[in-house]
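Colleague: Here it is, the structure, as structure tokens.
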Amino acid sequence: MAAAFAQRGITVEYALFPWSRSYLNVKTGEWDGTFAWNRKPEREEAFHYSDPLLRKQRVFLHLKDYDFDWKSIDDLEGILIGAEFDTYYGDAFLNAEKSGKLNVDRVSTRLQNYRRLLLGRIRLYPTTVDVSRKFIAEYFTEKEAQRFTHHPRILQDTTYHLLLSKQVGRNVRLLKLFNEGLREL
């Protein structure tokens, strides 16, 4: 982030807030921007989006001893899936969950879902491969880590962006400069 702005001579000041507060601070124009957020139609009115900062592909994590395959959301019916509150897993997943087609049990933390997988309390957990590798290495023994695997089919392919408030007039210019700096990097 700072490096892309620095390409255009702009110094960035950071502050750490909970996700919801960060979002509100920028939406109201108290702060210029926040990152990294995926695109959602309800955000279009309040925010300018940068070019993509990163891309994440979410897959289903499961245990190796669970024989699992899927081709469509319909194939997931009847399987208990763990998820986190306030985490977006894509429109298809969300719509199937809301309609009752998917059996999703949401909890507060990622660690709870990994532990529930190991205990057989859930069968699937949507996550990204890179995050799961780091998380498993940090929190689980080698023997436990060996039990995890993931299905290669992608559930959600998402790009993440810097959001700049439309309440701040200079942000149209800052967005242009940021995107130029990002392309140079």
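Numbers given in my numbering equal positions in the sequence shown, counted from 1, plus 1.
Here a beta-carbon is modelled for each residue, glycine too, at the ideal position from N, C-alpha and C.
Keep in mind that this is a model prediction, so the values were computed, not measured.
Report the partner residues of F61 according to the DSSP bridge assignment.
Modeller: Answer is P127.
Colleague: With DSSP run on the structure shown, which of helix, strand or coil describes V169?
Modeller: Reduced to three states, the DSSP call for V169 is coil.
Colleague: Taking the continuous alpha helix (DSSP H) assigned at W20, which residues delimit it?
Modeller: Here the alpha helix (DSSP H) through W20 covers 20–28.
Colleague: I'd like to check one pair, D106 with G91: are the Cβ atoms closer than 7 Å?
Modeller: In this structure, D106 does not lie closer than 7 Å to G91 by Cβ.
Colleague: Do the segment 11–26 and the segment 143–160 touch if we need at least three Cβ pairs shorter than 8 Å?
Modeller: Taking 8 Å as the limit for Cβ pairs, the verdict is that the segment 143–160 does not touch the segment 11–26.
Colleague: Would you call the segment 129–139 and the segment 73–83 in contact, with 3 or more CB pairs under 8 Å?
Modeller: Not touching, per the Cβ criterion.
Colleague: Does F36 come out as helix, strand or coil in the three-state DSSP assignment?
Modeller: Here F36 sits in strand by DSSP.
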